[in-house]
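Asker: Residue numbers (full-length UniProt numbering), protein chains in the order written: chain A, 1 to 209; chain B, 1 to 316.
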Amino acid sequence: MRRGALQARLWAAGLWTLALTPALVLLARALGNRLGANPIEELTLELGQWALRFLLLTLAATPLRRLTGWTVLLRHRRLLGLTAASYALLHLLVYAVLDQGLLWSQIVGDILKRPFITVGMAAFVLLLPLAATSFDAAIRRLGARRWQALHRLVYVATGLALLHFWWKVKADTAEPTIYLTVFALLLVARFVAPGHRFRRRPPAGRQPA
Amino acid sequence: MKRFRLSVPGASAITPRAVYQARRQLLLAGAGAGLALAWPGFARSASAVGPLAAVPRGPFGTDEALTPRQFVTGYNNFYEFGTDKADPAANAHTLRPRPWQVQIDGAVSRPLTVDIEELLQPKNLQERIYRLRCVEGWSMVIPWIGLPLADVLRRVEPLGSAKYVEFTTLHDPEQMPGQKRDVLPWPYVEGLRLDEAMHPLSFLAVGLYGDVLPNQNGAPLRLVVPWKYGFKSVKSIVRIRFAEQQPQTAWNVVAPQEYGFYANVNPQVDHPRWSQARERRLGEGLLASRRPTLPFNGYAEQVASLYAGMDLRRDF
C-alpha cells in the first residue's frame with residue numbers, strides 16, 4: 001500500500017474511533033450503573049455536549065484548511081456531521097423516552113413553553129435535512145450549489161444549539177462560553193484567513209518606537 | 001406511622017433494609033467507644049459521637065425508601081464549592097466546620113452567639129426523615145439529624161417587630177473556593193417568614209445518616225425546610241438575623257422571575273425551565289419513571305394554612 005493511502009486509512013480509522021468512543025463509554029457507564037445519582041440527566045447532558053463538540057469540529061474543517069492547508073477534516077466532514085446529528089438524536093431520544101417517558105403532553109408542553117427546549121428542538125429539526133442529504137446521490141440530485149446552500153443551515157443549527165445550552169445552565173455559563181468562543185473564532189476564521197481577500201494589511205505610516 | 005430505626009453510616013442504604021437494620025443492632029450492642037475509631041470523621045468532634053449515633057426519632061417520618069447515602073453526599077448544589085453536582089464532594093474538604101459559632105441577632109431582646117458544640121448536645125437532637133425536592137426536578141429522602149429551628153429561635157426572644165428570619169452562609173473564599181467566582185452574590189442568603197421559621201417542620205440539621213453533617217451537605221449547620229425547594233435550605237450557617245423587612249435572598253436577587261421568595265413546592269406553578277408537575281427520585285435508576293410532585297412536597301396538611309388567602313402563583 002502506498003504511504004498516502006495508509007495514512008488516509010489511519011485517519012479514517014482514527015476519526016471513526018473518535019466518533020464512536022463517547023457513545024461506547026456512555027453505554028458502558030450506563031450498563032455498569034456508573035452514571036451517578038441522576039443517570040438520565042448525566043446521559044442527556046453528555047450526549048448533548050458531544051453533539052455540540054462534533055458540530056464545532058465539523059465547522060472547523062474549512063478554517064483548518066485555510067489556515068494550515070490541512071484537508072483531513074474536510075475529507076471526513078460528512079462523518080463528523082453525521083456523528084453530530086447522531087448524538088443530537090440520542091440526546092433527544094433520552095430526553096423523550098427515558099426522562100419524559102414518552103408523555104407527549106409534557107414533551108409538547110416543554111417545547112412550547114420553555115424557550116431553551118424550543119430552540120434545542122429547532123436546532124435538531126434543522127439538522128435533519130442535512131443528515132438526510134448526506135450521500136452522493138443527494139448532492140447530484142440537488143446540484144452542488146443548492147446542496148451547499150442547504151448545508152449552510154449548520155451555522156443556524158449550531159447557533160441555536162449553543163443558545164439551548166446557554167439557557168439550560170442556571171448561573172454558571174463558563175462551559176457554554178467556551179463553546180460560544182470556539183464558534184465565534186471558527187466563524188471569524190472562515191472569513192479572515194490567510195489568503196483571503198479580507199486579509200489586513202500592515203498599518204502604513206510610523207512604526208511603534 | 002411505622003417505627004423508623006436509625007440507620008448506620010456507610011453503605012446502609014444500598015443494603016436491604018432488614019439486613020442493615022439487623023447489622024445496626026449488632027453494632028449498637030457492641031460498639032460504644034468503637035464508633036469513634038470506626039469513623040474517623042467523628043474524631044474531630046468527639047463529644048458528638050454518642051449523640052449522633054443514638055438520637056431518638058422525631059416526628060414527621062416517612063416510610064419511603066431512603067436515597068442511598070452516596071447520592072445524598074455526592075450530588076449537591078453548593079456553589080461555594082463549584083457549580084457541578086460532584087464539585088462539593090470533591091472540594092469541600094477546605095471548609096473547617098470546627099470551631100464554629102452562629103450569631104443570632106437583629107430584632108431580638110437577647111442576641112446570642114451559639115457554639116456548634118452546644119447545639120450538638122445529645123438532649124437537643126432528633127432524627128427526621130424528610131423528602132427533599134429540588135427546583136430542578138429531582139428529589140431525595142434523607143434521614144437528617146438536628147433540632148427544631150424554633151427551639152433555637154425562641155432562645156433570643158424575638159421582638160414583636162420581627163417579621164422575617166434571614167440566614168447567612170459563611171463567606172470565606174479561602175475555605176469556600178467557589179466564592180472566588182461571581183456565580184452568585186456572596187454570601188448566600190436565604191430567608192423565611194417568622195411563622196414559617198417557627199413552624200415545627202423547620203429544622204436545623206447537624207447530621208445525616210447517623211453521622212455528623214459532611215462538609216458538602218452544609219456542615220456544621222444547615223437549614224432544612226422540607227415543603228420548599230432545596231435552595232431555601234441554606235448551608236453552613238454563620239448568622240441568623242431577625243428582620244422587619246423581607247430579606248434579599250440569593251437566587252431571588254439573581255433571577256426573581258425564576259426563584260420566588262416563598263419557593264413552596266407547587267406542581268401547579270412551573271419554573272420557566274423545569275415543569276414542576278413531576279419529579280425524579282434519585283437512586284431509582286435509568287428506567288424508573290418520574291413521580292407526580294405533591295403540593296408543598298407532601299407536607300400540605302402541616303403547612304398549607306400558613307398561606308391561606310395568598311395567591312401562590314404570584315407569591316411563588
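In this text, a Cβ means the ideal position worked out from N, Cα and C, and glycines have one as well.
When the Cα atoms are used, what is the spatial distance from B:P220 to B:P59?
Answerer: Each residue's Cα considered, the two are about 22 Å apart.
Asker: Write down the C-beta distance between B:N297 and B:W227 rounded to the nearest angstrom, noting that I regard them as a contact closer than 8 Å.
Answerer: The pair is a contact, with the Cβ atoms about 5 Å apart (cut-off 8 Å).
Asker: In its own chain, which residues sit with a C-beta less than 6 Å from the C-beta of A:A85, not counting the 5 before and 5 after it?
Answerer: Excluding sequence neighbours, A:A85 sits near L127 and A131.
Asker: Cβ of A:L47 less than 7 Å from any chain B Cβ?
Answerer: Not closer than 7 Å to any Cβ of chain B, the Cβ of A:L47 fails to qualify, so no.
Asker: So with CB distances below 7 Å, who are the chain B contacts of A:R114?
Answerer: The answer, in chain order, is P272 and R273.
Asker: Hey, quick one: how far does the alpha helix (DSSP H) through B:S161 stretch, first residue to last?
Answerer: Taken as a continuous stretch (DSSP letters only), B:S161 belongs to no alpha helix (DSSP H), as it is neither H nor E.
Asker: DSSP three-state label for B:M310, please.
Answerer: Looking at B:M310 - three-state DSSP - the assignment turns out to be coil, as it is neither helix nor strand.
Asker: Check whether the region 108-127 of chain A and the region 294-310 of chain B are in contact - that is, three or more C-beta pairs closer than 8 Å.
Answerer: These segments do not touch.
Asker: Run through DSSP, which three-state label would A:G14 get?
Answerer: Looking at A:G14 - three-state DSSP - the assignment turns out to be helix.
Asker: Residues in the same chain with beta-carbon distance under 6 Å from A:L57, minus the five sequence neighbours each way, listed in chain order, please.
Answerer: The answer, listed in chain order, is L80.
Asker: Around the C-beta of B:M140, are 16 or more other C-beta atoms found within 10 angstroms, so that it is buried, or is it exposed?
Answerer: Flag for B:M140 reads buried.
Asker: Is there contact between the region 152-162 of chain A and the region 53-69 of chain A, where contact requires at least three CB pairs shorter than 8 Å?
Answerer: Contact holds: three or more Cβ-Cβ distances are below 8 Å.
Asker: Taking the straight line between their C-alpha atoms, what separation do you get for B:R98 and B:L192?
Answerer: Each residue's alpha carbon lies about 26 Å from the other.
Asker: Verify the CB distance criterion: does A:G120 have a CB-CB separation below 7 Å to chain B?
Answerer: Not closer than 7 Å to any Cβ of chain B, the Cβ of A:G120 fails to qualify, so no.
Asker: B:S109 CB to nearest chain A CB: under 7 Å?
Answerer: Output row for B:S109: interface = no.
Asker: Closer than 7 Å, CB to CB, is B:L201 near chain A or not?
Answerer: Not an interface residue.
Asker: Are the beta-carbon atoms of B:Y315 and B:Y259 separated by less than 7 Å?
Answerer: In the sequence as presented, Tyr is not what sits at residue 315 of chain B; that position holds Asp. Result no, Cβ atoms of B:D315 and B:Y259 do not sit closer than 7 Å.
Asker: Can you tell me the Cα-Cα spacing of A:T68 and A:A28, whole angstroms?
Answerer: Spanning the two alpha carbons is a distance of roughly 37 Å.
Asker: Closer than 7 Å, Cβ to Cβ, to anything on chain B: give me those residues from the region 77-100 of chain A, in chain order.
Answerer: Answer set for the region 77-100 of chain A: L98.
Asker: By Cβ distance below 7 Å, which residues in the same chain neighbour B:Q179 in space, the five residues on each side in sequence not counted?
Answerer: Counting only Cβ-Cβ distances below 7 Å, and skipping sequence neighbours, we find E80, H171, P173 and W186.
Asker: Round the Cβ separation of B:V206 and B:L119 to the nearest angstrom and send it over; I've been treating them as touching at under 8 Å.
Answerer: With a Cβ gap of about 6 Å, B:V206 and B:L119 count as contacting.
Asker: Only counting runs of 3 or more residues, tell me where the beta strand (DSSP E) segments fall wholly within the region 236-285 of chain B, in order along the chain.
Answerer: Complete beta strand (DSSP E) runs here, min 3: 237-243 and 278-281.
Asker: With 7 Å as the threshold, decide whether the Cβ of A:P176 is near any Cβ in chain B.
Answerer: No, its Cβ sits nowhere closer than 7 Å to a Cβ of chain B.
Asker: Of all Cβ atoms in chain B, is any one closer than 7 Å to the Cβ of A:A23?
Answerer: Judged by the 7 Å Cβ criterion, A:A23 is not in contact with chain B.
Asker: As a quick exercise: from B:G210, B:P143 and B:P158, pick the residue whose alpha carbon is nearest that of B:A150.
Answerer: Among B:G210, B:P143 and B:P158, the Cα nearest to that of B:A150 belongs to B:P158.
Asker: According to DSSP, simplified to helix, strand and coil, what is B:W186?
Answerer: Of the three classes helix, strand and coil, the one that applies to B:W186 here is coil, per DSSP.
Asker: With distances taken Cα to Cα, identify the nearest neighbour of B:N217 among B:F203, B:V234 and B:Y229.
Answerer: Here the closest residue by C-alpha is B:V234.
Asker: According to DSSP, is B:K232 helix, strand or coil?
Answerer: Helix.
Asker: By a C-beta neighbour count over all protein chains shown, 10 Å radius and 16 as the cutoff for buried, is A:A61 buried or exposed?
Answerer: A:A61 comes out buried.
Asker: Taking the beta carbon of B:A48 as the centre, do at least 16 other beta carbons fall within 10 Å, making it buried, or is it exposed?
Answerer: Since pLDDT at B:A48 reaches only 38, below the 50 mark, its modelled position is unreliable, and the value read off the structure follows with that caveat. That one is buried.
Asker: In this structure, how does DSSP classify A:Y87 when only helix, strand and coil are distinguished?
Answerer: Residue state, collapsed to three classes: helix.
Asker: With 7 Å set as the bound, which would you pick, yes or no: does the beta-carbon of A:D172 sit closer than that to a beta-carbon of chain B?
Answerer: At least one chain B Cβ lies under 7 Å of A:D172.
Asker: Between which two residues does the alpha helix (DSSP H) harbouring A:G48 extend?
Answerer: Run containing A:G48: P39 to L59, per the alpha helix (DSSP H) assignment.
Asker: Any C-beta of chain A within less than 9 Å: which residues of the region 172-200 of chain B qualify?
Answerer: Here the close residues are R181, V183 and L184.
Asker: Closer than 8 Å between beta carbons: that is the criterion. Which residues of the region 276-290 of chain B meet it against chain A?
Answerer: Answer in chain order: A277, R278, R280, L282, G283, G285, L286, L287, S289 and R290.
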